[in-house]
Every structure is written in C-alpha cells, then in structure tokens.
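Only one structure is covered here, and it is reproduced in the block below.
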Amino acid sequence: MLVPTAFAADHDPVVKAQLDAKGTPYSVDDDGDFQITVNVGDGRTQLVWVRSAVESTSHHKVREIWSPGYRSETGNFSAAIANDLLERSNLLKLGSWVKQDDVAMLVLKIPADANADALDEAIDLAAAAADAVERELLGSDDL
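Take the sequence shown: its position 24, counting from 1, is numbered 24 in the UniProt record's numbering, and each next residue is one higher.
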C-alpha cells in the first residue's frame, strides 16, 4: 500500500482512513486532495482526485470526486464536443461534466459522510466514465 511520507496541509483524515481501509494507493497533492491512479482495464489508467474540502449548503454537505476526460488544444470546446459532454452528463447516475480551463472534468458529488464502500464506488464510476470519454474523444491514455 502506498502511503505518502508527508501530507499536505488540510487533507481529510476521514478520507485517508477510508482509502487506507480499502487498500487504495494514493498521494496527497499540494491542495490536500487525494490523487489516485485507477486501473480501468486493457492496460489503461485514469487519474481521479478525491477533494478534501467539503462543499455545503444549508442542508447538504458533499464531497467532490474529479476525473479529467478531455483536453482541448485551444482552450475552447467545439460545439460537437460540448454537446457530446452534455448528452453524456444526462446519462450519468452521479455527477456531470464541467469545463475547467482547457479540460473537461467529470465531477461526482457524494454525501460528505459517505462510507468507504460508497467512496470507492464513486472513484470507480468516475474513472470508468472519464476514461471512456478520453478513449472515445481523444484516443489517448494520458489523463
């Protein structure tokens, strides 16, 4: 099991314990988020981040899981790519596609108090969906 020797400030100890309990290898980035490289089969991998920060409203607290699926060379998405991502978002059980600079990022939002099994499932769902977009739209395995 890969456990970083030093943690960035403000990483979530609950997420750390959940990932450790599931035997999920990870590193913690400078923002305190957990970076995971998921094996998605056929020799492919997919980057996933579990955010340490919890987003909240008056009645909800959610944790975000991010995975990149598309990168534009120009910074802009064509109408065809944008529409494709919107259509894919409509089919997802959890999450949706967002534009973050030149990257299409799949963002899943789960209850902040989700257990280790729910977090693990969300990580796998994010990785599979983002890898499918990368494979189909870019034909690469770089994200």
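Quick reminder that beta carbons are idealized off the backbone N, C-alpha and C, glycines included.
Just so we're clear, the structure is a prediction, and the values are computed from it rather than from any experiment.
*asked:* Give me the residue from Lys109, Ala116, Leu86 with the minimum Cα distance to Lys99.
replied: Within the sequence shown, the letter at position 99 stands for residue 99. With distances taken between Cα atoms, Lys99 lies closest to Leu86.
*Are the stretch 11-20 and the stretch 43-58 touching by the rule of at least three beta carbon pairs closer than 8 Å?*
yes
_Please state the DSSP three-state secondary structure of Ser67._
Residue mapping note: residue 67 aligns to position 67 of the sequence shown, counting from 1. Note: Ser67 maps to strand in three-state DSSP.
*Is Leu91 closer than 9 Å to Leu125 when the C-beta atoms are compared?*
Counting from one through the sequence shown, the residue named residue 125 turns up at place 125. Counting from one through the sequence shown, the residue named residue 91 turns up at place 91. No, they are not a contact pair.
_Spatial distance of Phe7 from Asp84 (CA atoms)_ = Walking along the sequence shown from the start, residue 7 turns up at place 7. Walking along the sequence shown from the start, residue 84 turns up at place 84. Low confidence applies here, because Phe7 scores a pLDDT of 47, under 50, leaving its location unreliable; read the following figure in that light. So the alpha carbons of these two residues sit roughly 38 Å apart.
*Going by C-alpha distance, which of Gly139, Ala122, Gly43, Leu138 is nearest Trp66?*
Residue mapping note: residue 66 aligns to position 66 of the sequence shown, counting from 1. Among Gly139, Ala122, Gly43, Leu138, the Cα nearest to that of Trp66 belongs to Ala122.
*Simplified DSSP state of Pro111, which is helix, strand or coil*: For this step, residue 111 is matched to residue 111 along the sequence shown. Strand at Pro111.
*Pick helix, strand or coil for Ser27, following the three-state DSSP scheme.*
Indexing the sequence shown from 1 puts residue 27 at position 27. It is a strand residue.
*If you check the beta carbons only, do Ala116 and Ala17 fall under 9 Å apart?*
Numbered from its first residue, the sequence shown carries residue 116 at position 116. Numbered from its first residue, the sequence shown carries residue 17 at position 17. In this structure, Ala17 lies closer than 9 Å to Ala116 by Cβ.
*Distance between Glu134 and Ile110 (C-alpha atoms, nearest Å)*: Your numbering for residue 110 matches position 110 in the sequence shown. Your numbering for residue 134 matches position 134 in the sequence shown. The alpha-carbon atoms of Ile110 and Glu134 are separated by roughly 23 Å.
_Straight-line Cα distance separating Ala127 from Gly41_ = As a position in the sequence shown, residue 41 is number 41, starting the count at 1. As a position in the sequence shown, residue 127 is number 127, starting the count at 1. Cα to Cα, the separation comes out at about 11 Å.
*Ends of the alpha helix (DSSP H) at Lys16?*
By one-based count along the sequence shown, residue 16 stands at place 16. Where Lys16 is concerned, the enclosing alpha helix (DSSP H) stretches over 13-22.
*Return the residue from the list Ser78, Tyr26, Tyr70 that minimises the CA-CA distance to Val107.*
As a position in the sequence shown, residue 107 is number 107, starting the count at 1. For the residues Ser78, Tyr26, Tyr70, the minimum Cα distance to Val107 belongs to Tyr70.
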